[in-house]
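Here the structure comes first, spelled out in structure tokens, and everything after it is commentary.
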Amino acid sequence: MQKDKLRWNEKYKNFPMPTRVAPIVEKYLPKEKNLKALDIACGKGRNSIYMAENGYVVDAIDISDVALSCVSEHKNITTQEVDLDTYEIKKDTYDVIVKCYYLDRRLTPYIIEALKSGGLLIYETYLEVSSDKKYHQPSNPDFLLKSNELLKSFSELKVIYYEEREETNLRGELVKIASLVAIKE
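Everything in the sequence shown is counted per the numbering used here, starting at 951 for the first residue and increasing by one.
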């Protein structure tokens, strides 16, 4: 855990990170107030802050204390420094779960169980691409989705939106992204 924490702290200190809410969160987040939300691998809290400012009670979790310090004083946000390699999410706890740009397949069943009936999952992360050098992707292939993998992983949820697309990141690099919005019925 300590090695991962140091690596992520270094990234949050030295690399540009998105500060604006993810468009998928902005578009699909229910407009109701006082819902309970979880932001997994929240980073500097761009999505957590957006949800809190829209009346949500948010649990923001990440391994980086540097990242969490950006949101730790925000009203309606509770931060928790966790090792996502061992973290278990409480069952039937959340109305909304957001997971953007972090992939840990081990968490999939916990995410499904953690959603309340009628709960919404918003998930977006990187897709594996062929050896085409025009795309940037994380160096560890374990952090890359296969095509349609999100659909298969969350097949027991009702999918209301799914897309695989190209996008340009903050450093101007071309990346492939998969986005999923689904409801637990």
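Note that beta-carbon positions come from the ideal geometry of N, C-alpha and C, so glycine has one too.
Rounded Cβ spacing between residue i and residue j (contact assumed at less than 8 Å)
| i | j | result |
| --- | --- | --- |
| H1024 | A991 | About 17 Å separates the two Cβ atoms, so there is no contact after all. |
| A972 | N997 | 6 Å |
| I1072 | V1131 | 5 Å |
| L1034 | D1054 | 5 Å |
Neighbour-count burial assignment, residue i, 16 or more Cβ in a 10 Å radius
| i | result |
| --- | --- |
| I1013 | buried |
| D1092 | exposed |
| F1104 | buried |
| K994 | buried |
| K1096 | exposed |
Contact set for residue i: own chain, Cβ-Cβ below 6 Å, skip 5 residues either direction
| i | result |
| --- | --- |
| S1129 | I974, E1074 and E1113 |
| D1042 | K1066 |
| D1009 | L988 and T1028 |
| R1056 | none |
| K1049 | I990 and Y1073 |
Alpha carbon of residue i to alpha carbon of residue j, nearest angstrom
| i | j | result |
| --- | --- | --- |
| L1094 | E1117 | 15 Å |
| E960 | N1098 | 32 Å |
| Y962 | K981 | 30 Å |
Per DSSP, cross-strand counterpart(s) of residue i
| i | result |
| --- | --- |
| T1029 | A1010 |
Beta-carbon contacts of residue i that lie in its chain and below 8 Å, excluding the five residues immediately before and after
| i | result |
| --- | --- |
| I1133 | G1068, G1069, L1070, L1071, L1107, K1108 and I1110 |
| A1064 | L988, I1039, K1040, K1041, D1042, T1043, Y1044 and I1047 |
Sequence-distant residues of its chain with Cβ nearer than 7 Å to residue i (five each side left out)
| i | result |
| --- | --- |
| G1005 | K983 and N984 |
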